[in-house]
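Each remark here refers to the structure printed beneath this line.
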Amino acid sequence: MCGIIGYTGAGQAAPLLLDGLEKLEYRGYDSAGIAVNDGSGIHVAKTRGRLAALRAMTHNGKDLSGTVGIGHTRWATHGRPSDENSHPHVGGDGRIAIVHNGIIENYKSLKEMLMNRGRRFVSETDTEVAAQLIDYYYEGDLLEAVARAVRELEGSYALGIVCADDPDTIIGVKSHVPLIVAYGEDGNMFASDVVAI
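201 is the number of the first residue of the sequence shown in the working numbering; add one for each residue after it.
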């Protein structure tokens with residue numbers, strides 16, 4: 201079990217994501233991370249350990265500016281707790297970042313297929329496989345790439361996705377696990393539990 205959160209709106213994303221992750225830390229405390237899109241690209245901060253380590257690393261989120269982002273707190277299921285296995289994971293050249301709660305059961309066969317097509321992996325996680333698969337299908341339309349990728353994923357999961365080419369967009373998708381969506385005047389969010397919202 202992990203905790204995921206996403207935000208797009210008028211406020212700075214990183215401090216909001218950190219506050220939400222604090223409420224989700226009961227879902228995992230092996231590592232924590234956030235990815236923020238500032239309009240020029242995606243910037244990722246992640247570390248092994250509790251959320252306090254990520255807060256310190258990012259100066260409570262002040263080091264990452266941008267109004268769109270995703271966050272994650274991890275309970276390790278695939279891959280040991282480490283900086284490399286911490287979320288968010290990026291695909292390809294770093295233009296797509298994702299966070300993930302759940303298990304992708306067919307990740308080994310998907311990973312083998314992607315490696316045979318030239319994709320390189322830096323982690324032991326099923327999440328990086330999903331990030332690489334979305335990036336593999338990405339040809340300028342993020343929603344289409346996500347739709348194609350999730351048709352191949354087997355398991356129970358929720359994903360939060362951002363793309364450098366879509367600086368105002370977050371995508372949340374789920375299969376057999378909770379994902380709460382909230383709409384507001386100053387922004388929109390999703391999270392794996394209502395307490396984060």
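Glycine is no exception: its CB is placed at the ideal position from the N, C-alpha and C atoms.
Nothing here was measured: the structure is a model prediction, and the numbers come from that model.
Proximity of the stretch 206 to 225 to the stretch 374 to 393 meets the contact definition, three or more beta-carbon pairs being nearer than 8 Å. Annotation for valine 244: Gly233, Ala235, Pro288, Val290, Ala297 place their beta carbon closer than 7 Å to its own, counting only its chain and skipping 5 residues before and after. The beta carbons of histidine 272 and isoleucine 371 sit no closer together than 8 Å. Nearest in C-alpha terms to aspartate 293, of all of Met313, Cys202, Cys363, is Cys363. Boundaries of the alpha helix (DSSP H) harbouring threonine 327: 326 to 337, taken from the DSSP string. By the Cβ neighbour-count rule, aspartate 393 is buried, with 16 or more other Cβ atoms within 10 Å of its own.
Here aspartate 283 is not near threonine 327, since their CB atoms are 8 Å or more apart. By the neighbour-count criterion, in which a residue is buried when 16 or more other Cβ atoms sit within 10 angstroms of its Cβ, histidine 300 is buried. The beta-carbon distance between tyrosine 357 and arginine 348, rounded to whole angstroms, is 16 Å. This is too long to meet the 8 Å contact definition.
Closest in alpha carbon position to glutamate 339, among Arg295, Cys202, Ile270, Tyr226, is Arg295. The criterion of a C-beta distance shorter than 8 Å is satisfied by phenylalanine 321 and lysine 311. Just so you know, the alpha carbons of leucine 353 and glycine 211 end up roughly 33 Å apart. With respect to the 8 Å criterion, alanine 331 and leucine 264 are not classified as neighbours on the basis of their beta carbons. Exclusion of the five residues before and after glycine 249 leaves Ser231 as the residues of its chain whose Cβ lies within less than 7 Å of its Cβ. For proline 378, there is no enclosing alpha helix (DSSP H), as DSSP marks it with neither H nor E. The alpha-carbon separation between aspartate 335 and glutamate 385 amounts to approximately 31 Å. In the three-state scheme derived from DSSP, where H, G and I count as helix and E and B as strand, methionine 315 is classed as helix.
For leucine 217, the enclosing alpha helix (DSSP H) has its first and last residue at 213 to 224.
The beta carbon of leucine 379 is closer than 7 Å to those of Ala358, Gly372, Phe390, Ser392 in its chain, skipping five residues each way along the sequence. In this chain, the alpha helix (DSSP H) harbouring alanine 256 covers 251 to 257. Using a 10 angstroms sphere on the CB of tyrosine 207, the tally of other CB atoms reaches 16 or more, which defines it as buried.
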